[in-house]
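As structure tokens, the structure follows; a few thoughts come after it.
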Amino acid sequence: MTATPTLTHEPAERTARPQPTPRRPRLTRAQFEERFFGVLRWVVIAFLAAITIVPFYYMLMLSVKPIDALLLDPGNLWVSAKEFTLGTYESVLKSSEDGGQGFLGMLLNSALVAVATVLLTLAAAVPGAYAVSRLKFFGSRQVSALFLAVYLFPATLLAVPLFVMFAKMGLSGSLIGLAIVYIAQTVPVSIYMLKNYFVTIPFSIEEAAAIDGASRLQTVRKIILPLALPTLMATGLYVFMIAWNEFLFALLFLAADPERWTVSLGLQQLANGIEVSKTVLMAGSVVLTIPVVLLFFSAERLLTEGLTSGADKS
């Protein structure tokens, strides 16, 4: 008889080998920087949004509160339905004859001066910037620095000579004289801003227009200006904000005639007024701020869209 071999079974612990745990792939330096700066970007955006929105929100809440509610709880960031009032805006916008602050007339004065400044500044800056960017003449490279050199002189240094000169011309107390001062202030920087964009427009576009028989004026009107529309909007908005918020020359030229005051002068009057409540002052601040904010958001598409994409087909 032959003996049957016996099969020996080893324990499962000896036969089954433990599988190594997969290692998590290490981030490369580029991946780490991409994730880090991706998070940091949103942190910075949130911080900037907070320091911008929170003060304006608090100002808006104060402007619709009665003064007694503000005195009881100055730190309250919410307005209940019982406390909500628009009487502060009514007090700000009503004329002084009706017991108000007369901001409606001041808004009209500021709008007239600001719009006239924007239109005349762009009318002077567009041909000037185009000439600097396209025409070759002696000192063309240094002309931008000369334009910006105007801002080396502080406004207070020019205030008295300008006032004396405009007083002799009979324009010291008029909105026209104030607009002329603003135009003189904004034309140099507008030429600089527009010139930096005009040099980026491919010259081949103008050459193609010249081959088709277009004059230089037609090229500027039909080709350059449509391409430069976003930059024109940005420059116009910048000029508008300067003319809308300027205080020194408005005080110097218009202080003697309250009927011609701009809204910045009116707001300063509210800030210095002892009998004016802070809620009315906040309402005046909102009235001063809202037009610029609305203008910016209405022109946001033109400010952010592509400038010359697809223009050069050569």
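Sequence positions in the sequence shown follow my numbering and run 5 to 318.
Just so you know, even glycine gets a beta-carbon here, dropped at the ideal spot from N, CA and C.
| Item | Value |
| --- | --- |
| Can you find at least 3 beta carbon pairs, one from the stretch 156 to 171 and one from the stretch 217 to 234, that sit closer than 8 Å? | no |
| Can you tell me whether G310 is buried or exposed, with buried defined as 16 or more other CB within 10 angstroms of its CB? | Unreliable positioning characterises G310 in this predicted model, as indicated by a pLDDT of 40, which lies under 50. The coordinate reading is nonetheless provided below. Its Cβ having fewer than 16 others within 10 Å, G310 is exposed. |
| How big is the Cα-Cα spacing for L241 and G106? | 26 Å |
| So, is L173 buried or exposed, given that buried needs 16 or more other C-beta atoms within 10 angstroms? | Per the sequence shown, the amino acid found at residue 173 is Met instead of Leu. Its Cβ having fewer than 16 others within 10 Å, M173 is exposed. |
| For a minimum of 4 consecutive residues, which ranges assigned as the alpha helix (DSSP H) are wholly contained in the stretch 210 to 281? | 220 to 223, 233 to 249, 252 to 258 and 267 to 276 |
| Evaluate the contact criterion for the stretch 83 to 97 versus the stretch 280 to 289: three or more CB pairs, one atom per stretch, below 8 Å. | yes |
| With a CB to CB cut of under 8 Å and the five nearest residues on each side skipped, what residues in its chain are close to V203? | S137 |
| Taking all protein chains shown into account, do 16 or more other C-beta atoms lie within 10 angstroms of the C-beta of N113, making it buried, or fewer, making it exposed? | buried |
| When you compare only the Cα positions, how much space is there between A188 and M245? | 15 Å |
| Considering only C-alpha positions, which residue in the set F51, W265, L31 and A128 is nearest to A115? | W265 |
| Following the continuous alpha helix (DSSP H) through W46, name the residue where it begins and the one where it ends. | R33 to S67 |
| So, at 7 Å on beta carbons, what are the nonlocal neighbours of M63 in its own chain, with the 5 sequence-adjacent residues on each side left out? | M286, S289 and V290 |
| Using only alpha-carbon positions, find the residue among L292, R305 and I180 that is nearest to F60. | L292 |
| Please go through the stretch 163 to 212 and give each complete alpha helix (DSSP H) segment of 4 or more residues, from N-terminal end onward. | 179 to 202 |
| If I195 and A129 are in contact, beta carbons under 8 Å, what's the gap, nearest whole angstrom? | 5 Å |
| Below 9 Å between beta carbons: does that hold for T125 and V191? | yes |
| For F251, which residues from the same chain have a beta carbon less than 6 Å from its beta carbon, with the 5 sequence-adjacent residues on both sides left out? | S268 |
| What does the alpha-carbon distance come out to for the pair E304 and F40? | 29 Å |
| Just curious, the alpha helix (DSSP H) that V147 is in, first and last residue? | V147 to A153 |
| DSSP on F107, reduced to helix/strand/coil? | helix |
| Quick one: Cα of Q167 to Cα of F257, how far? | In the sequence as displayed, the identity of residue 167 is Phe instead of Gln. If I take the Cα positions, the gap works out to 7 Å. |
| To the nearest angstrom, how far is the alpha carbon of S99 from that of L108? | 7 Å |
| Output needed for V147: all residues of its chain with C-beta closer than 7 Å, excluding positions within five of it in sequence on either side, in chain order. | V136 |
| Does DSSP put S100 in a helix, in a strand, or in coil? | helix |
| Using the Cβ count rule (16 or more neighbours within 10 Å means buried), how would you classify W82? | exposed |
| Counting only the same chain and skipping the five closest in sequence on each side, list residues whose C-beta sits under 8 Å from that of L255. | L269 and Q272 |
| According to DSSP, simplified to helix, strand and coil, what is A315? | Low confidence applies here, because A315 scores a pLDDT of 44, under 50, leaving its location unreliable; read the following figure in that light. Here A315 sits in coil by DSSP. |
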